[in-house]
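Residue numbers (the working numbering): 805 to 1118. By construction, the Cβ of each residue, glycine as well, lies at the ideal position given by its N, Cα and C atoms.
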């Protein structure tokens, strides 16, 4: 019996028509061409009343981090006083950027009523760790310095980066860092969770894919993964106390599913408010944010994600 209903299976089939199985066996340039085609194939227009403007945030050392700012036209005059979503995109640290999640970011801003900034962090293998997390921290720090209250949101690799930003900026919890919403994220490394075996050959993300993605930030050599560095992986921290209120959205048919429960257990043990929305992700696959317009389950998940963001903003 299939774990996927017909709507989710149709999403998988359409995704694979753009981005084939075993794509990580191909060159990085080819992976990016396939991924860009996939994103374009599922893209939808921005909602009325949402504007998007490309910008850049100057980092220490003079490097500019590209960003895209999504604003509600009625709020343009006082955006620095608003709660701000800082969004970090997925893509295994290898693919993705401002365009890949453009419609997702626009709809997230529209549904939550909040302004949003999307981070175009540097990608591997051209740029190695800690370039990616440093870029995210640059954007978050600029928002905090401007007086914004921040909610961290990310999917997949972006969820990992969101959790690492939370580790690095715990001092703002309770004042300016309102929470984090992590969507089918990778949160641990070196932990053989049951889902990694159960869904080793899941439709849109496999264990073999993760074996490729996790070390690519450090030259692809798994022996170089910094297991004590909580800027590299959220669960590498030795102290979970003081982290912000957290909402986790695992996909049910995904080798990463159990990362959310492992993280949730660690947060609960540290008395951090956390909700692991396991039921919402039942029957869904990695990457299902793009299925929200063709799958009732994915639409319900997206609605729950937006509701979680709005709850943190209150």
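DSSP state of residue 1029, grouped into three classes? Working through the chain shown from its first residue, we reach residue 1029 at position 225. Three-state DSSP puts residue 1029 in coil, outside helix and strand.
Task: Nearest residue (CA-CA) to residue 875, options 913, 943 and 892 - done: As a working note, residue 875 is residue 71 in the chain shown. With distances taken between Cα atoms, residue 875 lies closest to 913.
According to DSSP, simplified to helix, strand and coil, what is residue 885? On the chain shown, position 81 is the one that residue 885 refers to. Note that residue 885 scores 49 on pLDDT, short of 50, meaning its location in the model is unreliable; the coordinates nonetheless yield the value given after this. Helix, per DSSP.
Report task. Starting from residue 866, trace the beta strand (DSSP E) both ways and give me its first and last residue. Result -> In the chain shown, counting from the first residue as 1, residue 866 sits at position 62. First-last for residue 866: undefined, no H or E at that position.
Query - Backbone secondary structure at residue 987 - three-state DSSP - result: Here the question's residue 987 lines up with position 183 in the chain shown. Residue 987 falls in the strand class under three-state DSSP.
The segment 1017 to 1029 / the segment 921 to 940 touching (three or more Cβ pairs under 8 Å)
yes
query = Do the CB positions of residue 1013 and residue 828 come within less than 8 Å of each other?
reply = As a position in the chain shown, residue 1013 is number 209, starting the count at 1. As a position in the chain shown, residue 828 is number 24, starting the count at 1. In contact: residue 1013 and residue 828 (Cβ atoms closer than 8 Å).
Short check: CB of residue 1049 to CB of residue 1085, under 8 Å? Along the chain shown, one-based indexing puts residue 1049 at 245. Along the chain shown, one-based indexing puts residue 1085 at 281. In this structure, the beta-carbon distance from residue 1049 to residue 1085 does not fall below 8 Å.
Exercise for review: For residue 949, I'd like the list of residues in its chain whose CB is within less than 7 Å of its CB, leaving aside the five on either flank, ordered along the chain.
Suggested key: Position 145 of the chain shown, counted from the start, is the residue given in the question as residue 949. Result list for residue 949: empty, nothing under 7 Å.
Open item on the list: Can you tell me whether residue 1028 is buried or exposed? The criterion is at least 16 other CB atoms within 10 Å of its CB, across all chains shown.
Closed with: One-based indexing of the chain shown puts residue 1028 at position 224. Exposed, because fewer than 16 other Cβ atoms sit within 10 Å of the Cβ of residue 1028.
Exercise. Following the continuous alpha helix (DSSP H) through residue 924, name the residue where it begins and the one where it ends.
Key: For the purposes of this step, residue 924 is taken as the residue at position 120 of the chain shown. Note, residue 924: premise wrong, no alpha helix (DSSP H); not H, not E.
inquiry  = Between the alpha carbons of residue 850 and residue 860, how many angstroms are there, rounded?
reply    = Position 46 of the chain shown holds residue 850. Position 56 of the chain shown holds residue 860. So the two alpha carbons sit approximately 21 Å from each other.
For this session: Just the C-alpha distance for residue 887 and residue 822, rounded to the nearest angstrom, thanks.
Result: Position 83 of the chain shown, counting from 1, holds the residue named residue 887. Position 18 of the chain shown, counting from 1, holds the residue named residue 822. Cα to Cα, the separation comes out at about 36 Å.
- prompt: Taking the Cβ atom as the reference point for each residue, do residue 983 and residue 1116 lie within a distance shorter than 8 Å?
  reply: Taking the first residue of the chain shown as position 1, residue 983 is located at position 179. Taking the first residue of the chain shown as position 1, residue 1116 is located at position 312. Between residue 983 and residue 1116, the C-beta gap is smaller than 8 Å, which places the two residues in contact.
By how many angstroms is the C-alpha of residue 934 removed from the C-alpha of residue 965?
For the purposes of this step, residue 965 is taken as residue 161 along the chain shown, with counting starting at 1. For the purposes of this step, residue 934 is taken as residue 130 along the chain shown, with counting starting at 1. So the alpha carbons of these two residues sit roughly 11 Å apart.
**Request:** Return the first residue and the last residue of the beta strand (DSSP E) that residue 959 is part of.
**Result:** Here residue 959 refers to the residue found at position 155 of the chain shown. Where residue 959 is concerned, the enclosing beta strand (DSSP E) stretches over 953 to 959.
Notebook entry, point to check: What residues in its chain sit with their C-beta under 7 Å from that of residue 897, if we drop five residues either side in the sequence?
Noted result: Numbered from 1 along the chain shown, position 93 holds the residue referred to as residue 897. If we look at residue 897 and ignore the five residues flanking it on each side, its Cβ neighbours are 927, 928, 936, 961, 1017, 1020 and 1021.
Using 8 Å for Cβ pairs, my map puts residue 891 next to residue 920. What's the rounded Cβ distance? Walking along the chain shown from the start, residue 891 turns up at place 87. Walking along the chain shown from the start, residue 920 turns up at place 116. Correct: roughly 6 Å between the Cβ atoms.
- Grouping DSSP H, G and I as helix and E and B as strand, with all else coil, what is residue 808? Within the chain shown, numbered from 1, the residue matching residue 808 stands at position 4. Under the three-state reduction of DSSP, residue 808 is assigned to coil, being neither helix nor strand.
Option in 989, 836 and 1035 with minimal Cα separation from residue 899: Sequence index remark: in the chain shown, residue 899 carries index 95 (1-based). Out of 989, 836 and 1035, 836 has the C-alpha closest to the C-alpha of residue 899.
Legend entry - Paired residues, beta bridge with residue 1078 - DSSP: If you number the chain shown from 1, residue 1078 lands on position 274. In the DSSP assignment, residue 1078 is bridged to 1050.
**Asked** Taking residue 820 as the reference, which of 811, 952 and 839 has the closest Cα?
**Response** In the chain shown, counting from the first residue as 1, residue 820 sits at position 16. Out of 811, 952 and 839, 839 has the C-alpha closest to the C-alpha of residue 820.
Discussion item. My parser needs the beta strand (DSSP E) runs of 3 or more residues fully inside the segment 806 to 864; what are they?
Written reply: Counting only runs of 3 or more, we get 854 to 862.
Residue 875, DSSP secondary structure in three states:
Here the question's residue 875 lines up with position 71 in the chain shown. Strand.
**DSSP-derived helix/strand/coil call for residue 1113** = To locate residue 1113, count along the chain shown from 1; it is residue 309. Helix at residue 1113.
- Query: Rounded to whole angstroms, how far is the Cβ of residue 1082 from the Cβ of residue 1008, which I believe are closer than 8 Å?
  - Reply: Within the chain shown, residue 1082 is the residue found at index 278, counting from 1. Within the chain shown, residue 1008 is the residue found at index 204, counting from 1. About 19 Å; that fails the 8 Å criterion.
**Item:** Close beta carbons around residue 871, own chain, < 8 Å, minus the five adjacent residues each side
**Value:** Sequence index remark: in the chain shown, residue 871 carries index 67 (1-based). Apart from sequence neighbours up to five positions away, the residues of its chain that approach residue 871 with a beta-carbon distance below 8 Å are 858, 859, 860, 861, 902, 921, 922, 923, 924 and 943, ordered along the chain.
Since I believe residue 954 is in contact with residue 947 (beta carbons under 8 Å), could you give me their beta-carbon distance rounded to a whole number of angstroms?
-> The residue you call residue 947 lines up with position 143 of the chain shown. The residue you call residue 954 lines up with position 150 of the chain shown. At roughly 5 Å, the Cβ-Cβ gap stays under 8 Å, so residue 947 and residue 954 are in contact.
Legend entry - Closest residue to residue 853 among 940, 1108, 877 and 1087 (Cα-Cα distance): In the chain shown, the residue the question calls residue 853 occupies position 49. Minimum Cα distance to residue 853 is reached at 877.
For residue 1106, which of helix, strand or coil comes out of DSSP? Residue 1106 sits at position 302 when you count from the first residue of the chain shown. Residue 1106 falls in the helix class under three-state DSSP.
Given a cut-off of 8 Å on the beta-carbon distance, is the pair residue 1059 and residue 1108 in contact? Translated into the one-based positions of the chain shown, residue 1059 becomes position 255. Translated into the one-based positions of the chain shown, residue 1108 becomes position 304. No, the Cβ-Cβ distance between residue 1059 and residue 1108 is not below 8 Å.
Identify the residues that DSSP records as bridge partners of residue 891: which are they?
Locating residue 891 in the chain shown gives position 87, where the first residue counts as 1. Residue 891 is bridged to 922 and 957.
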